[in-house]
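Residue numbers (the numbering used here): 19 to 334.
C-beta: ideal position from N, C-alpha, C; glycine also.
Single-structure report; data block below.
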């Protein structure tokens, strides 16, 4: 590991995963294959104007992903894995090359276009950790449960693992295997996807703003999904239960009623790396706490914000 205290970050992007997941998030599950988007190219005049619009709406801003990764430290290497001969991927090459991303070519190994990105990415990441012992952070941009073993291995080798996935397409088990997981929708500069059916706009501007915030909270917070057919859990209710568990654990551990809000948030992130108050529609963790007044009380009288479990719940 490096001795100068500077964090050094390696970024690995399963590009097909993020592009397909984003398209299906915006246009409906399974539509990437159904619309045959893999052969679409912006350089050619599209025969189907509707398809061109759907592709435009689902465009991935890879720069936002790289900027987020750089917030952890100096980017040592950034690699994107895909079949770059596919027109839909080739359209991104300029954006990627301008950000010094190393494009790793993967040719489809079967008729159904499985390119083995997960295996190649995992092999390269493990090799890099031994080849570059000063790496401190590993950012995995993908949502497949195939990457659980890689995330666990990176953590065992002493790296801080960050996952970036598309809301609704990221395995819950992968989120648990990472130190931190964020939804693509919640990255700075990314507009939340409206989904395949855009709701009618409210009459007044204030209502419109509130509706957008609520929609963003519902979609962005649902970053993880179970690998089953069960109904997805309401993200707001899940966050409330997470907060209560963190407060109870903190009070039992420290034998104190009032806890530092930063410590409570850290505990929540350890229990669920996908937790993000911004993804739930709140500007700050304090605002999130205030919205759960029946669960927690916030003391802002001192510079250090304190939080405790609502006394009405202490006997439960």
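Between which two residues does the alpha helix (DSSP H) holding residue i run?
| i | result |
| --- | --- |
| residue 268 | 253–272 |
| residue 86 | 80–88 |
| residue 112 | 111–116 |
| residue 281 | 279–289 |
| residue 141 | 135–149 |
| residue 126 | Looking at the DSSP string, residue 126 is not in any alpha helix (DSSP H), and its letter there is neither H nor E. |
| residue 304 | 303–308 |
Would you give the residue range spanned by the beta strand (DSSP E) that residue i belongs to?
| i | result |
| --- | --- |
| residue 120 | 120–123 |
| residue 208 | No beta strand (DSSP E) holds residue 208; DSSP gives it neither H nor E. |
| residue 159 | 155–159 |
| residue 180 | 178–183 |
Measure the Cβ-Cβ separation of residue i and residue j and say whether it is below 8 Å.
| i | j | result |
| --- | --- | --- |
| residue 92 | residue 29 | no |
| residue 153 | residue 142 | no |
| residue 84 | residue 138 | no |
| residue 76 | residue 111 | no |
| residue 276 | residue 205 | no |
| residue 185 | residue 43 | yes |
| residue 265 | residue 327 | yes |
When we look at the beta-carbon of residue i and count the other beta-carbons within 10 Å, is it buried (16 or more) or exposed?
| i | result |
| --- | --- |
| residue 285 | buried |
| residue 162 | buried |
| residue 11 | Only positions 19 to 334 of the chain appear in the structure, and residue 11 is not among them; the question remains open. |
| residue 203 | buried |
| residue 241 | Because residue 241 sits at a pLDDT of 48, beneath the cut-off of 50, its placement in the model cannot be relied upon, and the point is left open. |
| residue 123 | exposed |
| residue 322 | exposed |
CB-CB under 6 Å to residue i, same chain, minus the five flanking residues each way: which ones, in chain order?
| i | result |
| --- | --- |
| residue 160 | 32, 35 |
| residue 156 | 28, 172, 177, 179 |
| residue 170 | 195 |
| residue 104 | 56 |
| residue 262 | 313 |
Residues bridged to residue i by DSSP?
| i | result |
| --- | --- |
| residue 326 | 315 |
| residue 31 | 98, 159 |
| residue 198 | 180 |
| residue 26 | 92 |
| residue 77 | The partner list for residue 77 (beta bridge, DSSP) is empty, contrary to what the question assumes. |
For residue i, which residues in the same chain have their Cβ closer than 8 Å to its Cβ, ignoring the five residues on either side in sequence?
| i | result |
| --- | --- |
| residue 120 | 95, 96, 97, 98 |
Got a sec? Which residues, its chain only, sit under 7 Å from residue i by beta carbon, not counting five neighbours each side?
| i | result |
| --- | --- |
| residue 267 | 285 |
| residue 283 | 303 |
| residue 136 | 32, 162, 164, 165 |
| residue 87 | 27, 29, 93, 157 |
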